[in-house]
Every structure is written in C-alpha cells, then in structure tokens.
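Residue numbers for the sequence shown follow numbering that gives the first Met the number 0, beginning at 0 and rising by one. Yeah, the Cβ is synthetic: ideal placement off N, Cα and C, and Gly gets one too. Below is one structure; the comments refer to it alone.
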Amino acid sequence: MDYTAKLDDAIDRLHQEGRYRTFIDIERRNGQFPHATWRRPDGTEQPITVWCGNDYL
C-alpha cells in the first residue's frame with residue numbers, strides 16, 4: 000500500500016474543502032506582551048495584538 004499517496008490525497012481533500020489549518024507568521028516581542036508583528040507572505044509587516052495563542056502546540 001502506498002501510504003504517501005493516501006496521505007497526499009487526504010491532505011488535498013482538506014485543502015479543497017477549506018478545512019486545512021494554516022497559521023500566520025508572527026514575531027513576539029520580549030517584554031511587550033500582547034504586542035507582536037505579523038509578517039505577511041508578501042514580506043510586509045503589521046503590528047498586531049495577540050489576544051490568544053496556540054503556544055502549547
């Protein structure tokens with residue numbers, strides 16, 4: 000059995016259904032919680048406030 004192909008198919012289905020989870024790239028500032036910087040895919044940056052996080056992952 001080709002497990003890689005099965006996994007790839009399952010991930011492709013998640014993408015098609017809009018259920019694939021992605022996370023934004025943020026930079027935390029030491030000593031400035033809850034403030035951080037969001038780095039967009041195009042390279043620009045925006046200051047943000049982090050109200051909750053998934054640090055346990």
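Roughly how many angstroms lie between the CA atoms of residue i and residue j, to the nearest whole one?
i: Tyr19; j: Asp8; result: 13 Å
i: Asn29; j: Pro40; result: 23 Å
i: Pro33; j: Gly42; result: 22 Å
i: Ala4; j: Glu44; result: 37 Å
i: Thr21; j: Arg12; result: 15 Å
If I measure Cβ to Cβ from residue i and keep anything under 6 Å in the same chain, skipping five residues before and after, which residues do I get?
i: Asp1; result: none
i: Ile47; result: Ala35, Trp37
Taking 7 Å as the limit between beta carbons, can you name the residues of its chain near residue i, skipping five residues before and five after?
i: Gly17; result: none
For residue i versus residue j, is the C-beta spacing smaller than 8 Å?
i: Ile23; j: Val49; result: no
Residues in the same chain with beta-carbon distance under 8 Å from residue i, minus the five sequence neighbours each way, listed in chain order, please.
i: Ile10; result: Tyr19
Under DSSP, the alpha helix (DSSP H) around residue i begins and ends at which residues?
i: Asp1; result: Segment: none, Asp1 is in no alpha helix (DSSP H) and carries neither H nor E.
The beta strand (DSSP E) spanning residue i covers which residue range?
i: Gln45; result: 44 to 48
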